[in-house]
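In the working numbering, the protein residues as written are 2 to 393.
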């Protein structure tokens, strides 16, 4: 999108603000006006447009909670009269020339990334263009894109969402003691601990891991997981969710996300990393030969009612996930750090893309963690039906 088009888009957003309905002009907080266009385009066969979505949105944001109290969104055809549109008519999309500018840029990126991509250009390019103003601030712009190459290679599949959550029953208590989590399994554990931090009702007397930190840093990953500005227009923030001092209240500004122009922005995980550089370390060979080693996790959930994390796992040496016999890890989030240590196993703790759903909101995330050991967890045998309540 060139400078002239950006100037036109700024005028478009300013016009939307000037025509705001009277009921939006009253009340606490700030008004947010947002224009957004999203595209995800396969690198192979880039002549196709891929999936697109976008529109214009107005909402009033409560400054204390950062949440939207009222909103309207418009998608569909091109607007003519903002006052008539905001009065209640829906099915209106922002001017096509702005969307076309985004398409042109995406097409160029696909051509460039397709030449760089392995496996004959496999992969998908995700891109988003935004223009917004918050309160009386001037219009700002953001352009984000990222490439997911080849097979998704996700650490976790879409998460399961229930109303309030339900603790899962255990069938036979098989083991209680230390467990080693390989890097990808540890990353899933870190992600669920992030949910525990976001959904905790109290931040007092909840211990952390000695020397370990659970970090949320959206700017460290590619979009659609990472971003420079969150979906309320704030600069992406760095937040420590857990450390040796315990659980920290999540930082709201800079960590809000929305699934689309149709949805309100909510506090959410984006790029989560378990930093264990200063944590106690052990060699993998120092553990007893009877210590369970978790090779992979194929389902999991944090349950806010029981305060427990559930991970459906495959142990080292066990048959593939499709077999009837399954194992389920249960550990309380407020006790999970007890005796935590990083394990020297020669594995990379690089960030990887994954997909997360919580409270009906599905979005891309990135997670990373080193091979880790939890001191005391419950590992039970589980029938396949018991894992249906977990994210997959």
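Each residue gets a CB set at the ideal place from its N, CA and C atoms; glycine is no exception.
When DSSP states are grouped into helix, strand and coil, residue 43 belongs to the strand group.
Taking C-alpha positions only, residue 285 is separated from residue 371 by approximately 12 Å. The Cβ atoms of residue 277 and residue 343 lie closer than 8 Å to each other. Beta-carbon to beta-carbon, residue 193 and residue 369 are separated by about 14 Å, too far to satisfy the 8 Å threshold. The beta carbons of residue 244 and residue 214 sit closer together than 8 Å.
Apart from the 5 residues on each side of it in sequence, residue 296 sits with its Cβ closer than 6 Å to the Cβ of 183, 315, 317 in its chain, given in chain order. Classified as exposed, residue 177 has fewer than 16 neighbouring CB atoms from the shown chains inside 10 Å of its CB. Put simply, the stretch 57–74 touches the stretch 18–35. At least three CB pairs are less than 8 Å apart.
In this structure, residue 219 and residue 227 form a Cβ contact; the two beta carbons are roughly 5 Å apart against a cut-off of 8 Å. Pairing residue 350 with residue 185, the inter-Cα distance amounts to about 8 Å. Relative to the Cα of residue 22, the nearest Cα in the group 11, 72, 51 belongs to 72.
At a cut-off of 3 residues, the continuous stretches assigned as beta strand (DSSP E) that sit fully inside the stretch 256–299 are 272–276, 282–284.
Of 66, 38, 124, the smallest CA-CA separation from residue 101 is found for 38.
The residue among 248, 210, 258, 246 with its C-alpha nearest the C-alpha of residue 230 is 258.
Considering only 224, 16, 133, the residue with the shortest C-alpha distance to residue 36 is 133.
Just measuring C-alpha positions, the residue of 106, 280, 249, 299 sitting nearest residue 197 is 249. Looking at the DSSP output, residue 331 sits in a beta bridge with 311, 379.
Between the alpha carbons of residue 366 and residue 354 lies a distance of about 6 Å.
If you look at residue 184, you'll find it in the alpha helix (DSSP H) that goes 184–200. DSSP places residue 233 outside any beta strand (DSSP E), giving it a letter other than H or E. As computed with DSSP, residue 356 is found in a beta bridge with 365.
Rounded to the nearest angstrom, the Cβ distance from residue 142 to residue 18 is 15 Å, too far for a contact under 8 Å. In the three-state DSSP reduction, residue 57 falls in the strand class (E or B). In the DSSP secondary-structure assignment, residue 125 is bridged to 43, 149.
Rounded to the nearest whole angstrom, the CA to CA distance from residue 328 to residue 309 is 16 Å. For residue 74, the CB contacts under 6 Å within the same chain, skipping 5 residues up- and downstream, are 56, 58, 262, 263 in chain order. Between residue 254 and the set 236, 247, 260, 292, the nearest pair of CA atoms involves 236. About 14 Å separates the beta carbons of residue 43 and residue 147, which is beyond the 8 Å limit, so they are not a contact pair.
Looking at 110, 131, 12, 181, the one whose alpha-carbon comes closest to that of residue 289 is 181. Annotation: the continuous beta strand (DSSP E) that includes residue 215 extends over 214–217. Of the residues 66, 281, 140, the one whose Cα lies closest to the Cα of residue 11 is 140. With contacts defined as CB atoms closer than 8 Å, residue 114 and residue 129 fail to qualify as a contacting pair.
Residue 272 and residue 54 have their alpha carbons spaced roughly 23 Å apart. Nearest Cα to residue 362 within the set 16, 260, 68: 260. The shortest C-alpha to C-alpha distance from residue 357 to any of 26, 70, 69, 195 is the one to 195.
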